[in-house]
Amino acid sequence: MPKPRVAHNQPTQEQVALRAYQIYLERGAVPGNEFEDWMEAERQLAGENGKATENGKAAENGKPRRKPTVKTATA
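The opening residue of the sequence shown carries number 0 in numbering that gives the first Met the number 0; numbering runs sequentially from there.
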């Protein structure tokens with residue numbers, strides 16, 4: 000059975016679940032905030048993946064982004 004396709008900048012459910020569990024433990028393992036933990040985990044992981052593409056590793060089309068060049072004005 001083929002794996003479902005996942006967008007490159009979207010974390011997998013397993014990654015989100017693990018991060019949500021880590022957040023839960025950091026909060027002192029107090030139950031009752033599962034939804035908030037899950038949403039925070041998704042935000043954090045999506046932010047990490049977004050930073051990887053912004054740092055020139057890969058753009059949306061798979062090509063590395065070029066660094067901006069400074070053009071000097073001549074008098």
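Built from N, CA and C at the ideal position, the CB exists for glycine as well.
Between residue 38 and residue 0, what straight-line distance do the alpha-carbon atoms span, to the nearest angstrom? Against the sequence shown, residue 38 aligns to sequence position 39. Against the sequence shown, residue 0 aligns to sequence position 1. The alpha-carbon atoms of residue 38 and residue 0 are separated by roughly 29 Å.
Between residue 10 and residue 33, is the Cβ-Cβ spacing less than 9 Å? Locating residue 10 in the sequence shown gives position 11, counting from the first residue. Locating residue 33 in the sequence shown gives position 34, counting from the first residue. If you check the CB distance, residue 10 and residue 33 do not come in under 9 Å.
Quick one: using the 10 Å Cβ neighbour count with 16 as the cut-off for buried, is residue 44 buried or exposed? Position 45 of the sequence shown, counted from the start, is the residue given in the question as residue 44. Buried, since its Cβ has 16 or more Cβ neighbours within 10 Å.
Does DSSP put residue 28 in a helix, in a strand, or in coil? The residue you call residue 28 lines up with position 29 of the sequence shown. Correct three-state label for residue 28: coil.
Does DSSP put residue 14 in a helix, in a strand, or in coil? In the sequence shown, residue 14 corresponds to position 15, counting from 1. Helix.
Would you report the Cα separation of residue 31 and residue 71, rounded to the nearest angstrom? Taking the sequence shown and counting its residues from 1, one reaches residue 31 at position 32. Taking the sequence shown and counting its residues from 1, one reaches residue 71 at position 72. When rounded, the distance between both Cα atoms is 57 Å.
With burial defined as no fewer than 16 other Cβ atoms inside 10 Å of the residue's Cβ, what is the status of residue 28: buried or exposed? The count along the sequence shown starts at 1 and reaches residue 28 at position 29. Counting C-beta atoms within 10 angstroms of its own C-beta, residue 28 has fewer than 16 neighbours from the protein chains shown and is therefore classed as exposed.
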